[in-house]
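Notes to accompany the following structure.
4 protein chains.
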Amino acid sequence: MMNKKKSLQIGLIGLGRMGRTHLRHLISQVKGVNVAAVADLVCRKEDFNNEFGEIPFFNDAQKILENPRIDVVVITTPTSTHKPLVEKAIHYRKHIFCEKPLDLSLEVTEELLNKAASAGVKLMLGFNRRFDPDFMQAQQSVAAGKIGRIQIIKITNRDPTIPSIEFIKTSGGMFMDFSIHDLDMARFIMNKKIVEIYAKGLVFMDKSVEEAGDIDTALITLTFEDGSYAVIDNSRKAVYGYDQRLEIFGDEGMILVDNNLYHQNILYDKNGIHKALPLNNFMARFERSYLKEMQLFTEAIQSGLPLPVSHEDIMAATTLAYAAQKSLQSGMPVKL
Amino acid sequence: MMNKKKSLQIGLIGLGRMGRTHLRHLISQVKGVNVAAVADLVCRKEDFNNEFGEIPFFNDAQKILENPRIDVVVITTPTSTHKPLVEKAIHYRKHIFCEKPLDLSLEVTEELLNKAASAGVKLMLGFNRRFDPDFMQAQQSVAAGKIGRIQIIKITNRDPTIPSIEFIKTSGGMFMDFSIHDLDMARFIMNKKIVEIYAKGLVFMDKSVEEAGDIDTALITLTFEDGSYAVIDNSRKAVYGYDQRLEIFGDEGMILVDNNLYHQNILYDKNGIHKALPLNNFMARFERSYLKEMQLFTEAIQSGLPLPVSHEDIMAATTLAYAAQKSLQSGMPVKL
Amino acid sequence: MMNKKKSLQIGLIGLGRMGRTHLRHLISQVKGVNVAAVADLVCRKEDFNNEFGEIPFFNDAQKILENPRIDVVVITTPTSTHKPLVEKAIHYRKHIFCEKPLDLSLEVTEELLNKAASAGVKLMLGFNRRFDPDFMQAQQSVAAGKIGRIQIIKITNRDPTIPSIEFIKTSGGMFMDFSIHDLDMARFIMNKKIVEIYAKGLVFMDKSVEEAGDIDTALITLTFEDGSYAVIDNSRKAVYGYDQRLEIFGDEGMILVDNNLYHQNILYDKNGIHKALPLNNFMARFERSYLKEMQLFTEAIQSGLPLPVSHEDIMAATTLAYAAQKSLQSGMPVKL
Amino acid sequence: MMNKKKSLQIGLIGLGRMGRTHLRHLISQVKGVNVAAVADLVCRKEDFNNEFGEIPFFNDAQKILENPRIDVVVITTPTSTHKPLVEKAIHYRKHIFCEKPLDLSLEVTEELLNKAASAGVKLMLGFNRRFDPDFMQAQQSVAAGKIGRIQIIKITNRDPTIPSIEFIKTSGGMFMDFSIHDLDMARFIMNKKIVEIYAKGLVFMDKSVEEAGDIDTALITLTFEDGSYAVIDNSRKAVYGYDQRLEIFGDEGMILVDNNLYHQNILYDKNGIHKALPLNNFMARFERSYLKEMQLFTEAIQSGLPLPVSHEDIMAATTLAYAAQKSLQSGMPVKL
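Going down the list, the sequences are from chains A, B, C and D. Under the numbering used here, think of the first position of the first sequence as 13, with each following residue one higher. Under the numbering used here, think of the first position of the second sequence as 13, with each following residue one higher. Under the numbering used here, think of the first position of the third sequence as 13, with each following residue one higher. Under the numbering used here, think of the first position of the fourth sequence as 13, with each following residue one higher.
Structure follows, in C-alpha cells:
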C-alpha cells in the first residue's frame, strides 16, 4: 500500500521568489509531502488562497512553528531573520530547510548547526547547485573515475545583472552571497580538503558597489590537500546572460559543463552562425535543481538517511567565503 | 479582480500515458481551469484518488459527457473510441480536445469536424509539435522574415524504438500515425498550400512490421504552391535516440533546430569528444509542448479566439497522410 | 634508394583558377612528380616564369602533347576543348587527368572513355569531393560498418553566389555542372546501384538564370537497389556561405559532416552566441581535396593500381545528371 | 615589375623538426625570399639534396654566417647554441629569426637583445602562438572593442604527452619552455602591464619529471595594472590531445577560442554523440602560425617596419617565466 508511510507535513515561512518556487514544487512535484501551512508577514491571506488554493495561511510564523502536526519548516525569509526562526524551529523540534546563508556570522552559523545537532533536529542549507542535473552528472562521472585523478577544476559563475545596492549592502559581500556556491561546488566535485585559498577582486563595473564596500569581479584560486587546483571566476554582470560553466581536468580526460541555452535553434545568416543566449535568470536556470534539492531533502528526512548537504559542507563553504575575504584584504594566500 | 472569469470546467476521459500527462498539467500548471471529473474504463477509483487526490472519478465516460457543469472534454482514449465519444460530446455541447488522429478514415474525420462546426462546438486535435518551444521559435523567426523567402525545409523525425506490432496494426500506418506530425509541421512552418507529394517507404529493420502491412522507414517529398520543397525523413528506430530536427533554408539565411540532449556535459577522453544522447522518449522531449498545447487550447476556448490548430489544419494533414499512402503504393508523385 | 622510381613527368594545359591550383600542388606538395611543361593559350611566358619559375612554357598545347618525355597531361581548360585535347592525349599515349565534366554529351563521354581504355591510357576525372578529408573519413567510417546498414543519406550542396550567366550558359546546366558532385558523393558513400531518380528544380533567385534555360534550386531523390534513399538539396546561392554538409543514417548510428568554418572563435554578446561563417569559396573549402586528388592520381599512375575514380564512376555520375534533367522535364521519377 | 624588390636571401641553421618546417615554408610559401644556404651539423648533404633539391648545404654554420650574400639567418638549433650563433650573426650583420628561448638566462637574453639593437640587427623570437589565425582573430576582436573592456582572460595550454626527460633537463623548466607561450599570449591579448604573478605547480603524472627538478602541472594567476586578471593552466599531458583554448571576458561580451579538431564529422551511436579529438601535435596545430610568423617576419625585414614580436615582448615574457619560478618556490605572489 502506498499509504504506509505517512506524508511529511511541511510548513513554509516566507513568500518571496524562493518561497514561491519551493511552495509550487512542494504542492505538485515533491512526493510524500503535504503543505500543512504557509506564513508570510506581508502577503494577504486572500491573495495567497487565490494563487495557491485552500492551504492554511498565516501572517505569523509562530503559528507554524508551534503547530505540533508540522514535521518540517522551510525557511525562505531574509537572512537577518534566519537565526531567530531556526532557533525557534529547533526549540519546537522541527526539521529545517533554510535558504543560504544560514547567517552572515561564522560563529552564529556554527552555533546554530551545533544546537540543531544536539536537539536531534535535521538542518540543511540550500546549496542548490549540487542538485542541478548537469552538475550532478559531472560529479557522478568524476566519482565513477571516468576522467581519472582530478588535477584542475575551473568554475565560472557570472550573474547577468548587478543586484540592487540595497541587496548588496545586506548580502554579506560577494564571496558570502555569490562565490559561496562555487566554493561548495569545488568541494562537491573534488571531495577533498582545501588547504589554501587566494582571492583577488575589485569593482569593474559599478562604482556604487565599491561605495557599498563590495566587489563585482573576483578570481579565487584554491589548492586541495593533494596539490590539485580549483579556479573560480566570478562577475556580477555578464551581458550575454547567466554564465554557469564547469571544467574538470583529470589524468584520463576532461569534463566540460556548458550553459543551458534558451532554445536549440541555430540561425545562419550573412553575418555568422548564431545560437540563443544562456538562460539569463537563476530561477529558470536552476528550476530543476530547486526541485531536486527539495525532493532529496524530504526523502532524506523520511528515510532517516544523511542529508545531501552536511553540516561539514555548510561550515566548510562558509569558512572558505570568510577566508576569501581575508585573502582579498591581505593580498596574500590564506592557509586553511 | 482575478475571479471575474470563471474557471473552465474540464472532464478528462482516458487515463493512459497521454491522459496522465494532460491531467497533471491541467491540475497544476494550466491556469484558469478546474478538473471537474475524470473517467477511465479500467483504472480503480481508489488508485486514482491515491495518485491524483480527491477529483471525482468514474469508470463510465457518460458521467462526464452528461454533466452539465463540464465545459470541455479532453479525450485521450484509443483511436477506435474517438468517433462515438466525439459525437456524444458534440451532442452535449462540450468543447473537445482530442488526441490525434481524430479517426483513421478521412471521411469520418471530415464528418466529425463538420458536425462540431454546425453545433458550435470547438474541436482541436493534439498536433503537439507546433507547441514545442524550439519549433515555435523557428516558426516565429520564419514568420518575422529573418531568413527571407523559404526555399527548402527538411524535417527529420526518427523514433528510438519500433512500437509493438499490436500498436502498429491499429495505428493507421506510419504516415497516419507518425509522419502526420511532420506533414503538419511542414504546413505550420511554410503556411502555404502543398500541391504535390511523393512518398517512398519500406521495411528496413523488422520484418514483422512488413507482415503487419506497414513500413519502418520513409522519405516524403512535398512541393508547395510557390515551388518550394519540403523533405521529411522518418524512421521507426534510431539507435541514438529520438531524433527531432528541422532545417529551413531561405534566401536570407537558414535555421536549424537541433535535438534536446540529456545534459550539457561534454566528456573528452582518449577516444574522442563525447556529448549526451538526445532525449529518447517523446514524453520527455515534448513535455513542454504538451503543456503549452493545453494552455493555448484552454485560453482559446475562454477567450473565444481561434484555436491554434484549425479544422483546415486537421483536414490538410490527414489528407496528406492519405496521399502519401497512395504515392507509396503507386510509386508516383500525387498531385493535390 | 629514393630514386629507383623515376619521377612522373607532367604537362599541364590550361592556366585558369583550377590549373594554377593543381600546378602549385604539383610543384611543391605532390611527391614523385616533375612538372615538365605548361601550356596556356593566353598567358604570357614572362608572366608565367615570374610567377612559377623556370618551368618550360608554351602558348600551344601541342608542344606538350607531342613531347615524348611527358607521361601525364593535366587538362584544366574549358569544357568545350576537352574532347580534342583528350583525343590527342590518347593518340600520344599520355595518361590523363581532366577536370569535370569530360564532355557535356553522354555519348562523347562514353566514347572518350572507351578510346582511352582501348589505347591503355589511364583517364581520371576531377571528382574532388571524394578526396576531402572530412568526406573520406565519413566514407571510411561507413565502409568500416560503424553505423551499420545505411538507410538514408542527405547531401547539402549550396553555392555562396550565383555564377555568371555566361558561365551558366556553357555549363551544361545545374545538374551536370553542380549536382554531379553530389550524385558522385551518393555513389561514393553508398557503393550501391541507383535504380531511380526524381529531380525537382526551379529558379528562385535570379530570373536571368531562367532565361538562360537553367535552374538555381534543386531537390533530387535517389533510390538505391536495396531500397535505401539519398536526398540532395542544391542552391546556387546561400547568403551564409558555401554549405557542404552530409548526413548518413544507418541502423547502428548516424554520421554528420559539418561545414568548415573560417575560425574556431565563438563570440558571446548581448544578442547571442556567434560563430564564424563557413568557408565561402570552393577553392578554400576544397584546397586539401585538390591536393589529395592529385597525390592519389599520380600514385595510382606510378603504382599501376586502379585510379581512385573509375570509368564506371564517371559514366554513372554523368548518366545520373542526364536522368535528373529528364526527370525535371517530365515531372516524374526516372527508372535507371 | 615584380622584381623591383630584390629577394631576401635566407640562410637556415639547424635541421630539426622546426628547421624543416620553416625551410619548407621558406621554399614554397613565403614570397619574396630565397633560401641561399642551409647548414646542419649532422645531416648528410646527399640526404638533404634528395629531400629539398639543389639548395647549397653545409655541415658548418660558419659558411652561412660569413656569406656576404645572405641577409637573414634563421636559427633553429638547440637552445644552448643560440648565444654563440646569435652573437656571430650580429657580428656579420645578419638579421635574425631565432626559435625560443633566446637563452635560459635572463641576463644573456637582455645582453643579446641589446647587442643586436646596438648593431642595427633585427632580431625576432618565435612566439608563434600570436600568428595562429584563431588567436589573431581573437586579438583583433579585442582590439576592435567587440567585447568592451577586458576583465578576465583564461588560457589553457596542455600538451598531449610528457616530453623526454632528456629534453626536460635542458628545457629551462616548464615555465620557461612551455608556459612562456601563454605568458606572451596574455600580454598579446591584453596589451597591458602585468603587476603581479602567482604560480602554483607540482608533479602529478610522472615522478621522473620531479627527479629532473621540473613540474608537469601548473596554474598561474596574473594581475594587470588595471586590476584585470589572467589565469593560465598548464599540463604536460592531456590524454585527449593538445588542448589550446582561450577565453576572454569583457564588459560587453566574451570570446572563446576552441580547439581545432581532426575533422568535422560527428558520430551518433547508442553510446552518445562523438566528435574528433583536437589535433594532438603542435606541428599540425600550429602549422599555419609557423607560416604566418615567417611571412610577417620577412615582410617586416623587407619593409623596415617594426617586427611583430618586439624586444620588449621577449624580455617581458622571459621575465614573467622567471617570476613564475620564483613565486612557485616562495609560495607567494610576486610583484613585478
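Cβ atoms here follow ideal geometry from the backbone N, Cα and C, with glycine treated the same way.
| query | Which first and last residues belong to the alpha helix (DSSP H) in which Ala156/C is found? | reply | Here residue 156/C is taken as the residue at index 144 of the third sequence, counted from 1. Element bounds for Ala156/C: n/a, residue is neither H nor E.
| field | Euclidean distance between Cα positions of Val98/A and Leu340/D | value | Against the first sequence, residue 98/A aligns to sequence position 86. Against the fourth sequence, residue 340/D aligns to sequence position 328. So the alpha carbons of these two residues sit roughly 45 Å apart.
| query | Curious, which full-length alpha helix (DSSP H) runs of at least 4 residues does the stretch 180–245 of chain B contain? | reply | Counting only unbroken stretches of 4 or more residues, the alpha helix (DSSP H) elements lying wholly within the stretch 180–245 of chain B are 192–202 and 219–223, in sequence order.
| said: DSSP three-state label for Tyr280/A, please. | reply: Here residue 280/A refers to the residue found at position 268 when the first sequence is read from its first residue. Strand.
| query | Helix, strand or coil: how does DSSP classify Lys16/C here? | reply | Here residue 16/C corresponds to residue number 4 of the third sequence, with the count starting at 1. Caution is warranted here: a pLDDT of 43 is assigned to Lys16/C, below 50, making its placement in the model unreliable, and the coordinate value is therefore given only provisionally. It is helical.
| task | Whole angstroms is fine: what's the gap from Ser176/D's alpha carbon to Glu299/C's? | result | Start at 1 with the first residue of the fourth sequence, and residue 176/D comes out as number 164. Start at 1 with the first residue of the third sequence, and residue 299/C comes out as number 287. If I take the Cα positions, the gap works out to 36 Å.
| task | Identify every run of the beta strand (DSSP E) within the stretch 89–142 of chain A, keeping only runs that are complete inside it and at least 3 residues long; order them along the chain. | result | The stretch 89–142 of chain A contains these whole beta strand (DSSP E) runs: 107–110 and 135–137.
| Contact with chain A by Lys16/B, beta-carbon distance below 7 Å | In the second sequence, the residue the question calls residue 16/B occupies position 4. Low local confidence applies: a pLDDT of 42 at Lys16/B is under 50, so the model's placement there is unreliable, with the coordinate-based value given in what follows. No, Lys16/B lies away from the interface with chain A (no Cβ there is under 7 Å from its Cβ).
| message | In whole angstroms, give me the CA-to-CA distance for Lys95/D and Val85/D. | response | Here residue 95/D corresponds to residue number 83 of the fourth sequence, with the count starting at 1. Here residue 85/D corresponds to residue number 73 of the fourth sequence, with the count starting at 1. Using only the alpha carbons, I get a separation of about 14 Å.
| request: With DSSP collapsed to three states, give me the class of Met266/B. | output: The sequence position of residue 266/B within the second sequence is 254, counting from 1. Annotated three-state conformation of Met266/B is strand, per DSSP.
| request: Closer than 9 Å, Cβ to Cβ, to anything on chain D: give me those residues from the stretch 284–296 of chain B, in chain order. | output: From the stretch 284–296 of chain B, only Gly284, Ile285, His286, Lys287, Ala288, Leu289 and Pro290 have a Cβ closer than 9 Å to chain D.
| query | For the stretch 232–248 of chain D, which residues have a beta carbon sitting closer than 7 Å to at least one beta carbon of chain A? | reply | Cβ contacts with chain A come from Thr233, Thr235, Gly239, Tyr241, Val243, Asp245 and Ser247.
| message | Quick check: what's the CA-CA separation for Phe236/D versus Ile165/D? | response | Locating residue 236/D in the fourth sequence gives position 224, where the first residue counts as 1. Locating residue 165/D in the fourth sequence gives position 153, where the first residue counts as 1. Taking the straight line from one Cα to the other gives about 11 Å.
| In terms of residue numbering, what span does the alpha helix (DSSP H) encompassing Thr330/C cover? | The sequence position of residue 330/C within the third sequence is 318, counting from 1. It spans His323 to Ser342 - the alpha helix (DSSP H) in which Thr330/C sits, taken as one unbroken run.
| said: Just to confirm before moving on: does the CB-CB distance between Ala333/A and Phe187/A stay below 7 Å? | reply: Along the first sequence, one-based indexing puts residue 333/A at 321. Along the first sequence, one-based indexing puts residue 187/A at 175. Going by beta carbons, Ala333/A and Phe187/A fall inside the 7 Å limit.
| query | Helix, strand or coil for Phe70/C per DSSP? | reply | Your numbering for residue 70/C matches position 58 in the third sequence. Residue state, collapsed to three classes: strand.
| message | Let me confirm a value: Pro80/B is counted as buried when at least 16 other C-beta atoms fall within 10 Å, else exposed. Which label applies? | response | Position 68 of the second sequence, counted from the first residue, corresponds to residue 80/B. Pro80/B counts as exposed, since fewer than 16 other beta carbons sit within 10 angstroms of its beta carbon.
| request: Could you tell me whether the Cβ atoms of Ile76/A and Ile22/A are closer together than 7 Å? | output: Looking up residue 76/A in the first sequence gives position 64. Looking up residue 22/A in the first sequence gives position 10. No; because the gap between Cβ atoms is not below 7 Å, this pair is not in contact.
| Terminal residues of the continuous beta strand (DSSP E) containing Ala48/B? | As a working mapping, residue 48/B is identified with position 36 in the second sequence. Following the DSSP letters along the chain, one finds Ala48/B inside the beta strand (DSSP E) bounded by residues Val45 to Ala51.
| message | Can you pull the chain D neighbours of Glu303/A, defined as C-beta to C-beta under 9 Å? | response | Stepping through the first sequence from its first residue, residue 303/A is reached at position 291. A small correction: the amino acid at residue 303/A is Leu; Glu does not occupy that position in the sequence shown. In chain order: nothing, as chain D lies at least about 26 Å away.
| message | Tell me which residue opens and which closes the alpha helix (DSSP H) that Thr310/B is part of. | response | In the second sequence, counting from the first residue as 1, residue 310/B sits at position 298. For Thr310/B, the enclosing alpha helix (DSSP H) stretches over residues Glu299 to Ser315.
| query | Within 10 angstroms of its Cβ, does Thr88/A collect 16 or more other Cβ (buried), or is it exposed? | reply | Here the question's residue 88/A lines up with position 76 in the first sequence. Looking at its Cβ environment, which holds 16 or more other Cβ atoms inside 10 Å, Thr88/A is buried.
| query | What is the residue span of the alpha helix (DSSP H) that Asn62/B lies within? | reply | Position 50 of the second sequence, counted from the first residue, corresponds to residue 62/B. Counting along the chain, the unbroken alpha helix (DSSP H) around Asn62/B starts and ends at Lys57 to Phe64.
| request: Reducing DSSP to helix, strand and coil, say where Pro145/B ends up. | output: One-based indexing of the second sequence puts residue 145/B at position 133. Secondary structure at Pro145/B: helix, using DSSP grouped into helix, strand and coil.
| Neighbourhood of Phe200/D by C-beta distance below 7 Å, restricted to the same chain and skipping five residues each side | Within the fourth sequence, residue 200/D is the residue found at index 188, counting from 1. Arg142 and Gln151.
| query | From Ile174/A, Gly160/A and Gly265/A, pick the residue whose C-alpha is nearest to that of Gly284/B; which is it? | reply | For this step, residue 284/B is matched to residue 272 along the second sequence. Closest option to Gly284/B, Cα to Cα, is Gly265/A.
| said: For a test of the three-state rule: what should DSSP assign to Lys249/D, helix, strand or coil? | reply: Indexing the fourth sequence from 1 puts residue 249/D at position 237. In the structure shown, Lys249/D adopts coil according to DSSP, grouped into three states.
| said: Counting only Cβ pairs nearer than 7 Å, list the residues of chain A close to Met266/B. | reply: Residue numbering aside, residue 266/B sits at position 254 when the second sequence is read from its first letter. Neighbours of Met266/B in chain A, taken as residues whose beta carbon is under 7 Å from its own, are Tyr280 in chain order.
| message | Nearest by alpha-carbon distance to Leu135/A: which of Thr331/A, Pro145/A and Pro320/A is it? | response | Reading the first sequence from its first residue, position 123 is the one you call residue 135/A. Checked all of Thr331/A, Pro145/A and Pro320/A; the closest Cα to Leu135/A is Pro320/A.
| Through-space distance from Lys112/B to Met202/D, alpha-carbon basis | As a position in the fourth sequence, residue 202/D is number 190, starting the count at 1. As a position in the second sequence, residue 112/B is number 100, starting the count at 1. Their Cα atoms are separated by approximately 59 Å.
| query | Does the beta carbon of Tyr252/D sit closer than 7 Å to a beta carbon anywhere in chain B? | reply | As a first step, residue 252/D is located in the fourth sequence; it is residue number 240 there, counting from the start. Closer than 7 Å to some Cβ of chain B, the Cβ of Tyr252/D qualifies, so yes.
| message | Strictly under 7 Å for the Cβ-Cβ distance: is Thr330/C near chain B by that measure? | response | One-based indexing of the third sequence puts residue 330/C at position 318. Judged by the 7 Å Cβ criterion, Thr330/C is not in contact with chain B.
| field | CA nearest to the CA of Val379/C, picked from Thr229/C, Tyr280/C, Met306/C and Ser315/C | value | Nothing can be reported for residue 379/C, as the shown portion of chain C is limited to 13 through 348.
| task | Report the three-state DSSP secondary structure of Ile174/A (helix, strand or coil). | result | As a working note, residue 174/A is residue 162 in the first sequence. For Ile174/A, the secondary structure class from DSSP, reduced to helix, strand or coil, is coil.
| In whole angstroms, what is the alpha-carbon distance linking Ala156/A and Met197/A? | Counting from 1 along the first sequence, the entry for residue 156/A is found at position 144. Counting from 1 along the first sequence, the entry for residue 197/A is found at position 185. In a straight line, the C-alpha of Ala156/A is about 17 Å away from that of Met197/A.
| task | Report the three-state DSSP secondary structure of His286/A (helix, strand or coil). | result | Locating residue 286/A in the first sequence gives position 274, where the first residue counts as 1. Three-state DSSP puts His286/A in a strand.
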